[in-house]
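First the structure, in the form of structure tokens, and then the observations on it.
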Amino acid sequence: MAATERSSTPLARLQTHVDTLSSLLDSLALIRAQPAVLISPASTPAQVRSAFAEINAFSASVRSAVAQEAMQAAQDSESADSAGIDVRSVVHDRAAARKRRRITPPVTQIHTPPKAAVLLPPISPASAPPIKAKSLAEFVRTHNQSPHRTATLRIWVSSRSKTHSNAPIVLRATVRDVLVAYINLAPTSSEEDAIATRSVTCVGSREEKKQPHSHSDYLVFQKVSQHFSRVLATHPDASLQILVDLISSYDSLLFAPCSRCRRVIEEETLLPPVARAWGRNGDGKAAARWLARHGSCLDE
Numbered sequence: 006m007a008a009t010e011r012s013s014t015p016l017a018r019l020q021t022h023v024d025t026l027s028s029l030l031d032s033l034a035l036i037r038a039q040p041a042v043l044i045s046p047a048s049t050p051a052q053v054r055s056a057f058a059e060i061n062a063f064s065a066s067v068r069s070a071v072a073q074e075a076m077q078a079a080q081d082s083e084s085a086d087s088a089g090i091d092v093r094s095v096v097h098d099r100a101a102a103r104k105r106r107r108i109t110p111p112v113t114q115i116h117t118p119p120k121a122a123v124l125l126p127p128i129s130p131a132s133a134p135p136i137k138a139k140s141l142a143e144f145v146r147t148h149n150q151s152p153h154r155t156a157t158l159r160i161w162v163s164s165r166s167k168t169h170s171n172a173p174i175v176l177r178a179t180v181r182d183v184l185v186a187y188i189n190l191a192p193t194s195s196e197e198d199a200i201a202t203r204s205v206t207c208v209g210s211r212e213e214k215k216q217p218h219s220h221s222d223y224l225v226f227q228k229v230s231q232h233f234s235r236v237l238a239t240h241p242d243a244s245l246q247i248l249v250d251l252i253s254s255y256d257s258l259l260f261a262p263c264s265r266c267r268r269v270i271e272e273e274t275l276l277p278p279v280a281r282a283w284g285r286n287g288d289g290k291a292a293a294r295w296l297a298r299h300g301s302c303l304d305e
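The numbering of the sequence shown is the working numbering, which starts it at 6 and goes up by one.
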């Protein structure tokens with residue numbers, strides 16, 4: 006019995022180290038989302054305090070004796086695995102193997118350009134008919150009555166446009182505590198009284214007093230506006246219903262990880278996923294939906 010207990014002690018200690026390191030990795034994945042909260046203009050003081058508290062708790066966990074022992078054991082194990090290897094012998098054997106290898110003609114690598122992302126879902130005109138100017142108010146009212154909406158719509162009217170019948174039509178979509186999107190509409194030439202989207206400009210929720218023609222002071226919302234410019238450039242006839250649904254998907258802008266690289270903050274730009282693609286995530290079995298993507302991860 007004593008021999009069995011002695012032999013199981015190293016295994017139990019190893020399992021403890023593995024559990025400790027796994028817990029640290031899980032905590033690290035959550036901590037990576039906190040910078041987005043700290044730099045977000047939409048964050049409340051309570052959210053900022055909570056983010057700092059989680060960072061301090063993670064720092065204390067890393068400095069704890071249990072974590073330090075587990076990391077030291079991992080480092081010792083790595084050093085032990087590489088001990089006793091004659092590097093010169095390994096290099097010599099590899100060089101000899103290359104000499105014995107039969108020379109084969111080089112294979113030309115065919116460059117495959119990246120596959121463009123699907124920016125909008127395939128919607129038939131019957132399921133999303135064009136919105137007409139006279140029915141825009143009813144469309145806004147119906148949308149705002151939906152219990153599942155994440156964006157609230159209203160027709161934006163300036164004090165000057167009240168006296169001009171030919172003033173442009175602007176629809177304002179507000180995603181609470183995230184952004185405000187101004188959808189600039191204009192009549193189409195294909196159908197009488199029908200309207201189409203000409204541009205979408207996004208600003209932060211704290212910039213809601215900006216005019217529809219203004220630009221955000223924050224880079225993250227400038228990039229979101231650029232994504233909508235790309236969408237409208239490739240889909241100039243995109244239905245208003247789909248664009249409103251796309252705007253609604255930005256309710257998770259500041260915390261949703263990129264569906265491709267699985268990171269919240271992009272290393273190069275330090276921005277969250279500012280783009281959206283339409284498709285299936287993971288193994289492809291789930292229903293198609295809006296997928297958060299960094300700008301550099303958008304095209305496959």
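C-beta atoms are modelled at their ideal positions from N, C-alpha and C, and glycine is treated no differently.
Exposure label - residue i; buried when at least 16 CB within 10 Å
i	result
ARG208	Correcting the residue identity first, residue 208 is Val in this sequence and not Arg. Looking at its Cβ environment, which holds 16 or more other Cβ atoms inside 10 Å, VAL208 is buried.
PRO277	buried
ASP250	buried
ALA17	exposed
THR14	exposed
SER244	buried
LYS228	buried
PHE233	buried
ALA297	buried
SER230	buried
LEU259	buried
Straight-line Cα distance separating residue j from residue i
i	j	result
ALA34	ARG181	26 Å
ALA201	ALA291	32 Å
ALA178	THR206	10 Å
THR21	ARG294	40 Å
LYS214	SER221	11 Å
VAL175	LEU141	11 Å
ARG311	LEU237	The structure shown does not extend to residue 311, since the chain is modelled only from 6 to 305, so the question has no answer here.
PHE63	GLU83	25 Å
THR147	LEU275	38 Å
VAL279	PHE226	8 Å
THR9	SER69	Note on THR9: pLDDT 45, under 50, position unreliable in the model; the coordinate value appears next. For THR9 and SER69, the distance between alpha carbons rounds to 30 Å.
VAL23	SER219	53 Å
CYS266	TRP283	16 Å
MET76	LEU19	11 Å
Boundaries of the alpha helix (DSSP H) in which residue i is found, first to last residue
i	result
THR239	224 to 239
ARG54	50 to 68
Other residues of its chain near residue i: CB distance less than 8 Å, five sequence neighbours each side excluded
i	result
ILE247	LEU125, PRO126, ILE128, ALA133
ARG268	ARG37, PRO262, HIS299
Where the beta strand (DSSP E) containing residue i begins and where it ends
i	result
PRO5	The requested residue 5 is not part of the displayed model; the chain covers only 6 to 305.
SER244	Neither: SER244 is in no beta strand (DSSP E) and is coded neither H nor E.
THR179	174 to 180
VAL145	Unbroken run through VAL145 is the alpha helix (DSSP H), 141 to 149; no beta strand (DSSP E).
THR202	200 to 209
GLY284	280 to 284
ILE136	Counting along the chain, ILE136 falls outside any beta strand (DSSP E), and DSSP gives it neither H nor E.
THR157	156 to 161
Spatial neighbours of residue i in its chain, beta-carbon cut-off 7 Å, leaving aside the 5 residues before and after
i	result
ASP256	THR155, VAL180, VAL183
ALA121	ASP304
THR168	With a pLDDT of 48 at THR168, under the threshold of 50, the modelled position of this residue cannot be trusted; read the value that follows with caution. Counting only Cβ-Cβ distances below 7 Å, and skipping sequence neighbours, we find nothing.
SER66	LEU29, SER32, ALA72
Residue i beta carbon near the ligand HEM (any heavy atom closer than 6 Å)
i	result
SER230	Among the ligands in the structure shown, none appear at all, so the ligand HEM cannot be discussed.
Own chain residues within Cβ distance below 6 Å of residue i, not counting five before or after
i	result
ILE252	ALA156, ALA178, ALA186
ASP81	none
SER308	Outside the displayed span of the chain (6 to 305) sits residue 308, for which this structure offers no information.
LYS137	ASP198, ALA199
Supposed close pair residue i, residue j - CB separation, criterion 8 Å
i	j	result
LEU26	ALA79	7 Å
ILE60	GLN73	Between GLN73 and ILE60 the Cβ distance is about 19 Å, and since that is not below 8 Å, they are no contact.
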